[in-house]
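Heads up, the thing below is written out as structure tokens.
Numbering (this note's numbering), first residue to last: 3 to 313.
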């Protein structure tokens, strides 16, 4: 209830104090704060408050729903998981959750998101005898082997080699259909079009609680100082804390200023290192994919034309 009370106070004073109207709420699923704001209408009936869903929480819904489905069916004597090709194994659930999150993040409109999500499902259903690629993107450069072959005027084959998350249509579809209808509801996907998350808020809250733990009681002055210093560091870096302390009347020594600049430099270096590591992983994946494609092409042509010690 503390979140609800805080929302009522913040929205109630936003016009008088800041001359702002907060017309969008970023929340996770069932938000009591949003429901309360919609009920009291702080800006009147002519200024509605819209709800945006956090992409991270929406993406996790798919995995949670699939795991719950496997557990519920198991209680009824129906085995959807376990081992075997085409079943909802733990790895298959993990991949379907990744495909679901990726479809939402990489597409701009709710309709495109829905089509991409359904493509990830029906692509797994497909077999050589019963292809189901109606939702996959067309064209010679399509990521779907079936549509890519058609775009290049070739006969599409090799489902076993190219479908990385196979799903047993006869076993799973009647259980997955209502679940995916709920996960691809346009009302849900419309709330994801702006691609917002709660990461900035959670990051800022972590900075505040690291200075003023929620587990202990603190004075109001201590809480104010924690919020102000956290906001300064969050917006301008660790070196800004010294400036804020000077404004508040605290004496800051040279060691404290030097420490702030050192922390700033360390964060910059860590950020650069993380970007370099991410680029290296991308290069390695691209090189691995090219090497795999080369070997497959050689195998189709009858083996390598040259190899050390081969002749």
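All residues carry an ideal CB built from backbone N, CA and C; glycine is no exception.
Straight-line Cα distance separating residue 252 from residue 222: Stepping through the chain shown from its first residue, residue 222 is reached at position 220. Stepping through the chain shown from its first residue, residue 252 is reached at position 250. Taking the straight line from one Cα to the other gives about 17 angstroms.
Closest by C-alpha distance to residue 225, when choosing among 242, 207, 239, 237: If you number the chain shown from 1, residue 225 lands on position 223. For residue 225, the nearest C-alpha among the options comes from 207.
Reduced DSSP secondary structure (H/G/I, E/B, other) of residue 28: Counting from one through the chain shown, the residue named residue 28 turns up at place 26. Strand at residue 28.
Chain-order list of residues whose beta-carbon lies under 6 angstroms from that of residue 122 (same chain, five-residue window excluded): Walking along the chain shown from the start, residue 122 turns up at place 120. Around residue 122: 101.
Closest by C-alpha distance to residue 200, when choosing among 288, 14, 54, 8: Residue mapping note: residue 200 aligns to position 198 of the chain shown, counting from 1. Checked all of 288, 14, 54, 8; the closest Cα to residue 200 is 54.
Closest Cα partner of residue 98 within the set 84, 154, 120: If you number the chain shown from 1, residue 98 lands on position 96. Here the closest residue by C-alpha is 120.
Cβ-Cβ separation, residue 188 to residue 112 (assumed contact under 8 angstroms), whole Å: Sequence index remark: in the chain shown, residue 112 carries index 110 (1-based). Sequence index remark: in the chain shown, residue 188 carries index 186 (1-based). That pair is a contact at about 5 angstroms.
Within 8 angstroms, strictly: CB atoms of residue 170 and residue 85: Counted from its first residue, the chain shown places residue 170 at position 168. Counted from its first residue, the chain shown places residue 85 at position 83. Contact flag unset, no.
Helix, strand or coil at residue 170 according to DSSP, with G and I counted as helix: As a first step, residue 170 must be located in the chain shown, where it is residue number 168. If DSSP states are grouped into helix, strand and coil, residue 170 belongs with coil.
Test item: CB-CB of residue 203 and residue 232 under 8 angstroms: Here residue 203 refers to the residue found at position 201 of the chain shown. Here residue 232 refers to the residue found at position 230 of the chain shown. Result no, Cβ atoms of residue 203 and residue 232 do not sit closer than 8 angstroms.
Exposure of residue 135, with buried meaning 16 or more beta-carbon neighbours within 10 Å: Residue numbering aside, residue 135 sits at position 133 when the chain shown is read from its first letter. With 16 or more other Cβ atoms within 10 Å, it is buried.
DSSP state of residue 52 mapped onto helix, strand, coil: The sequence position of residue 52 within the chain shown is 50, counting from 1. DSSP places residue 52 in strand when its eight states are reduced to three.
DSSP state of residue 60 mapped onto helix, strand, coil: What you label residue 60 is simply residue 58 of the chain shown in a count that begins at 1. If DSSP states are grouped into helix, strand and coil, residue 60 belongs with the helices.
4 or more residues per run - each alpha helix (DSSP H) lying fully within the stretch 195-231: 201-213
Best match in 237, 83, 246 for proximity to residue 227 [C-alpha to C-alpha]: In the chain shown, residue 227 corresponds to position 225, counting from 1. Per the Cα distances, 246.
Contact set for residue 124: own chain, Cβ-Cβ below 6 angstroms, skip 5 residues either direction: For the purposes of this step, residue 124 is taken as residue 122 along the chain shown, with counting starting at 1. Here the set comprises 134, 137.
Beta-carbon gap between residue 23 and residue 6 smaller than 8 angstroms: Indexing the chain shown from 1 puts residue 23 at position 21. Indexing the chain shown from 1 puts residue 6 at position 4. No; because the gap between Cβ atoms is not below 8 angstroms, this pair is not in contact.
Through-space distance from residue 52 to residue 11, alpha-carbon basis: The residue labelled residue 11 in the question sits at position 9 within the chain shown. The residue labelled residue 52 in the question sits at position 50 within the chain shown. So the alpha carbons of these two residues sit roughly 18 angstroms apart.
Every unbroken alpha helix (DSSP H) inside the stretch 94-137 [4 residues or more]: 112-127
Residue 22 - DSSP class collapsed to helix/strand/coil: For the purposes of this step, residue 22 is identified with residue 20 of the chain shown, where counting begins at 1. Reduced to three states, the DSSP call for residue 22 is coil.
At least three beta-carbon pairs within less than 8 angstroms, the stretch 169-183 to the stretch 59-75: yes
Counted within 10 angstroms of its Cβ, other Cβ atoms place residue 47 as buried (16 or more) or exposed: The count along the chain shown starts at 1 and reaches residue 47 at position 45. With fewer than 16 other Cβ atoms within 10 Å, it is exposed.
With 16 other Cβ atoms within 10 Å as the buried cut-off, status of residue 248: Start at 1 with the first residue of the chain shown, and residue 248 comes out as number 246. Classification of residue 248: exposed, given that the 10 Å Cβ count is below 16.
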